[in-house]
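Novice: Position one of the sequence shown corresponds to residue 1 (the UniProt record's numbering), numbered consecutively onward.
From the three backbone atoms N, C-alpha and C, an ideal C-beta is built for every residue, glycine too.
Quick one: structure below, then a few questions.
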Amino acid sequence: MKTNKFNGTNYNDWLRNLRIVLDFENQGYVLDKPLPTALPEGSSPEERVTFDKWHEDNRKVRSIILTSMTNEIQKQYDRLEDVPSIMLRMKDVDAVPDRHIRYAATKAFFGTKMAEGSSVPSHGVTMLSLVEKLEYLKVGLNNDTYIDVILQSLPPSYDPFIVNYNMNGLEKSIHELINMLVQYEATTHKSEPSVLIGEASTSKAKDKGARR
């Protein structure tokens, strides 16, 4: 959290890191559930223990949140005592709008081009990472669109591959396409055989968006 402080423009990344830290300490529930303000009359000793722990966890998580903000932003929240109030205000006021995030992600995906002579595996990993981000943001692109954009991102030396792929009406997943490109690179560019892109490491993109 010290190296990824909330600065007003990185809410989603900051929140993901915060949840990782809190889940390890079993304190993640403090982010999502309203802080109980009082015990009902006739509460059991167990309920008292739960109540006290909740308030203690709230104090700890509040401190973690405030220390993971830049100094200027911290001043906007240091008077709020309960974590849910802090999180609600952060989401409403400081979170980057979803539309802006989607715009940046789609711009990166459609604008990424492979330079002539560069490595297919490296380019493939980049494109897979961008696809996974689009899937996470639920942009709504289907497998055909992903394939088209990846093919369009290739340099001119891959034109024969693209023509053959389209003329044969191939229906491949993103991983299968990239592995075909790796094999094409190995046979036409006289390079050392490259490691194929494994499907297990990035299965989400294939499962969620590749077969719609």
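(1) CA-CA distance, residue 65 and residue 18?
(2) If you follow the alpha helix (DSSP H) that residue 6 is in, where does it begin and where does it stop?
(3) Kindly indicate which three-state DSSP category residue 114 falls into: helix, strand or coil?
(4) Does DSSP put residue 13 in a helix, in a strand, or in coil?
(5) Whose C-beta lies closer than 6 Å to the C-beta of residue 3 among residues of the same chain, with five residues either side of it excluded?
(6) For residue 163 and residue 156, I'd like the C-alpha separation in whole angstroms.
(7) Which full runs of the alpha helix (DSSP H) of 4+ residues lie inside the region 129–202, going along the chain?
(8) I need the straight-line Cα distance from residue 76 to residue 50, nearest angstrom please.
(9) Enumerate in chain order the residues of its own chain whose CB-to-CB distance from residue 110 is below 7 Å, with the five nearest sequence positions on each side excluded.
(10) For residue 153, which option in 124, 13 and 140 has the closest C-alpha, if you only look at C-alpha atoms?
(11) When the Cα atoms are used, what is the spatial distance from residue 15 to residue 42?
Specialist: The answer reads as follows:
(1) For this step, residue 65 is matched to residue 65 along the sequence shown. For this step, residue 18 is matched to residue 18 along the sequence shown. If I take the Cα positions, the gap works out to 8 Å.
(2) Translated into positions along the sequence shown, residue 6 becomes position 6. Residue 6 -> no alpha helix (DSSP H), and no H or E assigned at all.
(3) In the sequence shown, the residue the question calls residue 114 occupies position 114. Of the three classes helix, strand and coil, the one that applies to residue 114 here is coil, per DSSP.
(4) As a first step, residue 13 is located in the sequence shown; it is residue number 13 there, counting from the start. In the structure shown, residue 13 sits in a helix (DSSP, three-state: H, G or I).
(5) For the purposes of this step, residue 3 is taken as residue 3 along the sequence shown, with counting starting at 1. Nothing meets the Cβ criterion.
(6) Counting from 1 along the sequence shown, the entry for residue 163 is found at position 163. Counting from 1 along the sequence shown, the entry for residue 156 is found at position 156. Going from the Cα of residue 163 to the Cα of residue 156 covers about 11 Å.
(7) 143–152, 159–167 and 174–188
(8) Your numbering for residue 76 matches position 76 in the sequence shown. Your numbering for residue 50 matches position 50 in the sequence shown. Computed Cα separation, rounded: 30 Å.
(9) Along the sequence shown, one-based indexing puts residue 110 at 110. Correct list, in chain order: 149.
(10) The residue labelled residue 153 in the question sits at position 153 within the sequence shown. Measuring from the Cα of residue 153, the nearest candidate turns out to be 124.
(11) Translated into the one-based positions of the sequence shown, residue 15 becomes position 15. Translated into the one-based positions of the sequence shown, residue 42 becomes position 42. Those two C-alpha atoms are separated by around 37 Å.
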